[in-house]
Amino acid sequence: MRPHVMQALDNWRMTWDDQQLAAQEAFTAAFPALTPADRCQCFGPTLRWEKSGEGSGKACLDDHGRATIEFEDVPKEAVGRAMSEVWGADWFDEGPGGFAQAEPGQNSYEDEQTYAEYYVDVLDGGLTSFALSYVKIEDIVTILDELDKALAVHRRSGGEVT
Numbered sequence: 015m016r017p018h019v020m021q022a023l024d025n026w027r028m029t030w031d032d033q034q035l036a037a038q039e040a041f042t043a044a045f046p047a048l049t050p051a052d053r054c055q056c057f058g059p060t061l062r063w064e065k066s067g068e069g070s071g072k073a074c075l076d077d078h079g080r081a082t083i084e085f086e087d088v089p090k091e092a093v094g095r096a097m098s099e100v101w102g103a104d105w106f107d108e109g110p111g112g113f114a115q116a117e118p119g120q121n122s123y124e125d126e127q128t129y130a131e132y133y134v135d136v137l138d139g140g141l142t143s144f145a146l147s148y149v150k151i152e153d154i155v156t157i158l159d160e161l162d163k164a165l166a167v168h169r170r171s172g173g174e175v176t
């Protein structure tokens, strides 16, 4: 490979690494419980979190610069509050009370324009698991920030988000 092509490719790799690091910093600024995973579980850098009574999950980047979060066993009221703040109630046809009042079941939406995928499983026992995949980084940061605030309210209220 010619030296100027090698240099251009090296510059691109350095910029890509900087973008991935900046995305991770945005994720952890919005949701401080995220920490680097021991090993990559996506196609790019992975952050994980786990907190008793609040759930667990991961946030990662793919090789196209899109983000994915997969969270499990998160209090339904906190997820409902965060989702309503970002999209409003009933965006997923979960009902006018949003996910905070949704009955157990699966909800999904696939955006044909962006290829983003949204899955929310309302579980028995007041918990929710959800995955937002192939989403713009700024959208993931927004939902992480709202979820972090909702979980803080959940903690202060002794387990109930109002």
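Under this note's numbering, think of the first position of the sequence shown as 15, with each following residue one higher. Note that CB positions come from ideal geometry on N, CA and C, so glycine has one too. Just so it is clear, the structure is predicted and the values come from calculations on it, not from any experiment.
Pairwise C-alpha distance: G112 and G102:
For the purposes of this step, residue 102 is identified with residue 88 of the sequence shown, where counting begins at 1. For the purposes of this step, residue 112 is identified with residue 98 of the sequence shown, where counting begins at 1. Note on geometry: alpha-carbon atoms of G102 and G112 lie some 8 angstroms from one another.
Given N121 as reference, the closest of A96, V19, L23 and G109 once Cα atoms are compared:
Locating residue 121 in the sequence shown gives position 107, where the first residue counts as 1. Closest by alpha carbon: G109.
Taking the C-alpha atoms as reference points, what is the distance between T156 and R16?
Sequence index remark: in the sequence shown, residue 156 carries index 142 (1-based). Sequence index remark: in the sequence shown, residue 16 carries index 2 (1-based). One C-alpha to the other measures close to 43 angstroms.
Would you kindly work out how many angstroms separate the C-alpha atoms of L146 and M97, rounded to a whole number?
In the sequence shown, counting from the first residue as 1, residue 146 sits at position 132. In the sequence shown, counting from the first residue as 1, residue 97 sits at position 83. In a straight line, the C-alpha of L146 is about 11 angstroms away from that of M97.
Relative to the C-alpha of Q115, which residue among V93, T128, E99 and Y129 is closest?
For the purposes of this step, residue 115 is taken as the residue at position 101 of the sequence shown. With distances taken between Cα atoms, Q115 lies closest to V93.
Within its chain, find whatever has a CB closer than 6 angstroms to the CB of P89; leave out the 5 residues flanking it on each side and keep chain order.
The residue labelled residue 89 in the question sits at position 75 within the sequence shown. Taken in chain order, the residues that qualify are H168.
Okay, do the region 137-153 and the region 79-88 touch, 3+ Cβ pairs below 8 angstroms being the bar?
With the rule of 3 Cβ pairs closer than 8 angstroms, the region 137-153 counts as touching the region 79-88.
So the beta strand (DSSP E) G119 belongs to, where does it begin and stop?
Counting from one through the sequence shown, the residue named residue 119 turns up at place 105. Counting along the chain, the beta strand (DSSP E) containing G119 begins and ends at G119 to E124.
8 angstroms contact criterion, which L75 and Q21 should meet: CB distance rounded:
As a working mapping, residue 75 is identified with position 61 in the sequence shown. As a working mapping, residue 21 is identified with position 7 in the sequence shown. Rounded to whole angstroms, the Cβ separation of L75 and Q21 is 25 angstroms, and the two are not in contact under 8 angstroms.
Taking a contact to mean a Cβ-Cβ separation below 8 angstroms, would you say S70 touches E86 in this structure?
Indexing the sequence shown from 1 puts residue 70 at position 56. Indexing the sequence shown from 1 puts residue 86 at position 72. With respect to E86, S70 sits close: the two C-beta atoms are nearer than 8 angstroms.
Would you call the CB atoms of F41 and D162 closer than 8 angstroms?
As a working note, residue 41 is residue 27 in the sequence shown. As a working note, residue 162 is residue 148 in the sequence shown. Here F41 is not near D162, since their CB atoms are 8 angstroms or more apart.
Report the partner residues of S143 according to the DSSP bridge assignment.
The residue you call residue 143 lines up with position 129 of the sequence shown. Under DSSP, S143 shares a beta bridge with D135.
Under the DSSP definition of a beta bridge, which residues are partnered with T82?
Translated into positions along the sequence shown, residue 82 becomes position 68. DSSP output for T82 lists C74 as bridge partner(s).
Give a yes or no on whether the C-beta atoms belonging to D135 and F144 are separated by under 8 angstroms.
Here residue 135 is taken as the residue at index 121 of the sequence shown, counted from 1. Here residue 144 is taken as the residue at index 130 of the sequence shown, counted from 1. One thing to note: D135 has its Cβ within 8 angstroms of the Cβ of F144.
Taking only the alpha-carbon atoms, compute the straight-line gap between D31 and E117 and give it to the nearest angstrom.
Position 17 of the sequence shown, counted from the start, is the residue given in the question as residue 31. Position 103 of the sequence shown, counted from the start, is the residue given in the question as residue 117. One C-alpha to the other measures close to 42 angstroms.
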